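S.K.:
In my numbering, the protein residues as written are 8 to 540.
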C-alpha cells in the first residue's frame with residue numbers, strides 16, 4: 008500500500024490538484040502516522056475524486072464564505088468551528104455505515120473548513136486585504152510545492168497537536184486562527200503586488216515566504232492529526248478496524264485521466280491569472296476594487312454588515328430592557344413614597360444633544376413657522392419656554408384664529424416637549440409620534456417597538472403624516488428602538504428630579520428654588536406629561 012499510495016499521490020499532485028485545498032487534503036494523507044489513520048487514508052486515496060471534490064465544494068458549491076473565516080479581533084466572528092463539527096459528525100456517520108465514498112467527500116469538505124482559518128487573510132478584513140486577497144492566494148498556489156519543501160527542511164517547523172478535551176476540533180481551529188492572525192498585517196505589508204504581476208512566484212519575499220510555509224505545514228499536519236482522530240473514533244465506535252483499501256485500480260484510473268486533468272488544470276490557472284490581472288488593472292485605474300472584487304470578499308462584506316447591524320440591534324435592545332427595568336423600579340419607589348402634592352413632572356432637557364431647548368426662539372419648535380411664531384410673539388410668547396409655561400386655553404383665546412384650536416396647541420406642545428426631552432430628534436419624528444398617539448416620554452418608554460412602528464406607519468400613510476414627511480421615509484425599527492430607550496431613560500431622570508423636588512418641599516423652612524424653565528406650580532393647566540397621565 009505504501010509504494011502504491013506514494014505513486015498515486017505523485018500522479019494526483021502532478022495532474023489532479025488545482026488549488027491549495029487539493030494539496031492540503033492530499034499531503035495530509037502522507038503525514039498520517041497511526042495504523043487506524045493509515046487505513047482511513049487508504050480509503051480517502053481510493054475515493055480520491057470525491058475526496059478532492061469535497062475539498063473545493065465549500066468554495067464552488069456551498070459558497071458559504073462566512074463559514075470559512077474566524078475574525079479574531081471581531082469576537083471570533085465566523086462559522087468555521089461550528090460547520091467543521093457538523094462535517095466531522097457526518098464523516099463519523101458515513102464511516103459507521105461503511106459508506107467510504109461519502110466519507111471521503113465529507114473528509115474533503117472538513118479539510119476546507121479546518122484549513123481556511125489557518126490562512127491569515129481569513130482572520131480579519133481590511134480595505135488593503137480586499138485588494139490583495141486574490142493576488143496573495145494565487146501567488147501561494149503557484150509557490151505551493153516550494154513552500155511545502157521549505158517547511159519540511161526547516162528544523163524549527165511548526166506542527167499541529169490536538170487536545171483530548173471535549174470540543175477539541177473547534178478549539179484547534181480557534182487556536183490556529185489566533186496564530187495565523189498574528190501574521191495578518193505582516194503578510195499584507197510584505198507582499199509585492201507589482202512583482203507578482205510580472206511573475207506570480209515573486210510576490211512573496213523572504214519574510215512572507217517563511218510565514219506562509221509554516222502555516223502550510225500547520226495546515227497539513229493538523230489535517231493529518233484530524234484524520235487520525237477520526238479513524239480512531241470510528242474504529243472505537245464500530246468495534247472493528249476500517250478496511251484497508253486497494254489502490255491499484257484508483258492508480259490506473261487516475262493515470263488514464265491525466266491528460267484531461269492537465270487540460271483542466273491549465274484552463275483553471277489561466278482563468279485565475281486573468282482574474283488577478285483584471286483586479287490589478289481596476290485598482291490602478293480607480294484606486295479601489297469593486298467590479299473585479301472576488302465573490303468571497305464581496306459576500307463576506309455583505310454578511311459582516313448584517314452581522315454588525317444585528318449586533319447593534321441586540322445592544323440597543325439590551326439597553327432598552329435595562330432602561331425599562333430601571334423605570335419600573337423608579338415607578339415602584341415613586342408609588343411607595345406617598346406625597347400629598349400633585350404628581351407634576353418637572354420639565355427638563357435630559358440630554359446635552361437635544362435639538363431644542365427652552366431658551367430657543369419659538370420658531371425653532373416643530374410645526375411652528377415664521378408667521379405662526381409672529382402671532383405668538385404678539386401675545387407675549389417668544390421662546391420655547393414661554394410656550395410650554397403658558398396656558399393652552401388662554402393662548403387659544405388670545406390668538407383668536409379659527410385654525411389654531413386648543414387641540415392644535417396641545418399637539419404642538421407635546422411635539423415641542425418630546426423634542427426638548429429626547430436627543431437628536433427630528434421635527435418630523437416628533438410630529439409622527441404625536442400624530443400616532445405617543446405624546447409623552449412615559450407613553451414611549453412603556454411601549455414596544457412593534458406596536459410603535461405599526462402606529463407610526465399607519466399615521467404616516469394619512470394626509471397629515473405624508474405632509475409631515477415631505478417625501479422622507481418613516482423612522483426605521485432600529486431608530487424607533489433607540490427612541491424608546493431614550494424615552495425610558497428620560498422618564499427615569501424626570502421621576503428622580505420630581506422625587507428630589509418633593510423631598511425638598513418636605514423639609515421645614517426650606518426654600519424651594521423654582522427653575523425659570525419650569526411651569527409655575529400654581530398654574531391651573533396640566534403639562535403634557537400630566538395630561539397624558
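Think of the CB as a built atom: it goes at the ideal place given N, C-alpha and C, for glycine as much as any other residue.
Remember, it's a predicted structure, so these values are computed and weren't measured experimentally.
What's the C-alpha gap between residue 358 and residue 426?
M.R.: Residue placement at residue 358 is poorly supported in this model, since its pLDDT is 47, which falls under 50; the coordinates are not used for a value here.
S.K.: Can you have a look at residue 62 and say buried or exposed, based on whether 16 or more other CB atoms are within 10 angstroms of its CB?
M.R.: Answer is buried; the Cβ neighbour count reaches 16.
S.K.: Could you tell me the alpha carbon to alpha carbon distance between residue 199 and residue 210, rounded to whole angstroms?
M.R.: Their backbone Cα atoms lie some 5 angstroms apart in a straight line.
S.K.: Using a Cβ-Cβ cutoff of less than 7 angstroms, which residues in the same chain neighbour residue 37 once the five nearest sequence positions on both sides are dropped?
M.R.: Cβ within range, chain order: 16.
S.K.: Could you tell me the distance, in whole angstroms, from the CA atom of residue 367 to the CA atom of residue 388?
M.R.: Going from the Cα of residue 367 to the Cα of residue 388 covers about 12 angstroms.
S.K.: Within a Cβ cutoff of 6 angstroms, which residues of the same chain sit near residue 434, ignoring the five residues on either side of it in sequence?
M.R.: Result list for residue 434: 373, in chain order.
S.K.: Taking residue 361 and residue 495 to be in contact with their CB atoms under 8 angstroms, please state how far apart those CB atoms are, rounded to whole angstroms.
M.R.: So it is not a contact: roughly 16 angstroms between Cβ atoms.
S.K.: Which same chain residues end up closer than 7 angstroms to residue 472 when comparing Cβ atoms and leaving out the 5 residues on each side of it in sequence?
M.R.: Counting only Cβ-Cβ distances below 7 angstroms, and skipping sequence neighbours, we find 439, 442, 466.
S.K.: I'd like the ranges of any beta strand (DSSP E) spanning at least 3 consecutive residues and lying wholly in the segment 417-458.
M.R.: With a minimum length of 3 residues, no continuous beta strand (DSSP E) run stays inside the segment 417-458.
S.K.: Determine the extent of the alpha helix (DSSP H) in which residue 143 is found, giving its start and end residues.
M.R.: Run containing residue 143: 134-149, per the alpha helix (DSSP H) assignment.
S.K.: Can the beta-carbon of residue 113 be found less than 9 angstroms from the beta-carbon of residue 97?
M.R.: Cβ distance < 9 angstroms, so residue 113 and residue 97 count as in contact.
S.K.: Per DSSP, which one or two residues make a beta bridge with residue 211?
M.R.: Beta-bridge pairing links residue 211 to 198.
S.K.: Please report the Cβ distance between residue 460 and residue 432, rounded to the nearest whole angstrom; I am assuming they are in contact, meaning their Cβ atoms lie under 8 angstroms.
M.R.: With a Cβ gap of about 17 angstroms, residue 460 and residue 432 do not count as contacting.
S.K.: What are the boundary residues of the alpha helix (DSSP H) that residue 290 is part of?
M.R.: Here the alpha helix (DSSP H) through residue 290 covers 265-293.
S.K.: Assuming residue 430 and residue 493 make a contact with CB atoms under 8 angstroms, what is their CB distance in whole Å?
M.R.: At roughly 6 angstroms, the Cβ-Cβ gap stays under 8 angstroms, so residue 430 and residue 493 are in contact.
S.K.: Output the distance between the C-alpha atoms of residue 407 and residue 313, rounded to the nearest integer angstrom.
M.R.: Roughly 54 angstroms between the two C-alpha positions.
S.K.: Thinking C-beta only, is residue 25 closer than 9 angstroms to residue 275?
M.R.: In this structure, residue 25 lies closer than 9 angstroms to residue 275 by Cβ.
S.K.: Might you give, ordered along the chain, the residues of its own chain that have their beta carbon closer than 7 angstroms to the beta carbon of residue 236, omitting 5 neighbours on each side?
M.R.: If we look at residue 236 and ignore the five residues flanking it on each side, its Cβ neighbours are 169.
S.K.: Is residue 259 buried or exposed, if buried means 16 or more other CB atoms sit within 10 Å of its CB?
M.R.: Answer is exposed; the Cβ neighbour count stays below 16.
S.K.: Kindly indicate which residue of 412, 400, 401, 369 has the alpha-carbon position closest to the one of residue 392.
M.R.: If we check each option's Cα against that of residue 392, 369 comes out closest.
S.K.: Starting from the C-beta of residue 111, find all residues in its chain whose C-beta is less than 6 angstroms away, skip the five residues before and the five after it, and write them out in chain order.
M.R.: Excluding sequence neighbours, residue 111 sits near 51, 54, 57, 58.
S.K.: What do you get for residue 400, buried or exposed, if any count of 16 or more other CB atoms within 10 angstroms of its CB means buried?
M.R.: So residue 400 ends up on the exposed side.
S.K.: Enumerated in chain order, which unbroken segments of the alpha helix (DSSP H) with a length of 4 residues or greater are wholly contained in the segment 49-86?
M.R.: Here the runs fully enclosed are 55-64.
S.K.: Can you tell which of 159, 192, 428 has its C-alpha closest to the C-alpha of residue 500?
M.R.: The option with the nearest alpha carbon to residue 500 is 428.
S.K.: Roughly how many angstroms lie between the CA atoms of residue 136 and residue 128, to the nearest whole one?
M.R.: If you take the alpha carbons of residue 136 and residue 128, they lie about 7 angstroms apart.
S.K.: Three or more beta-carbon pairs under 8 angstroms between the segment 223-236 and the segment 141-159, yes or no?
M.R.: Yes: the two stretches touch, three or more of their Cβ pairs being nearer than 8 angstroms.
S.K.: Return the first residue and the last residue of the alpha helix (DSSP H) that residue 115 is part of.
M.R.: Residues 107-122.
S.K.: Which one of 13, 10, 11, 22 has the shortest CA to CA distance from residue 263?
M.R.: When only C-alpha atoms are compared, the closest one is 22.
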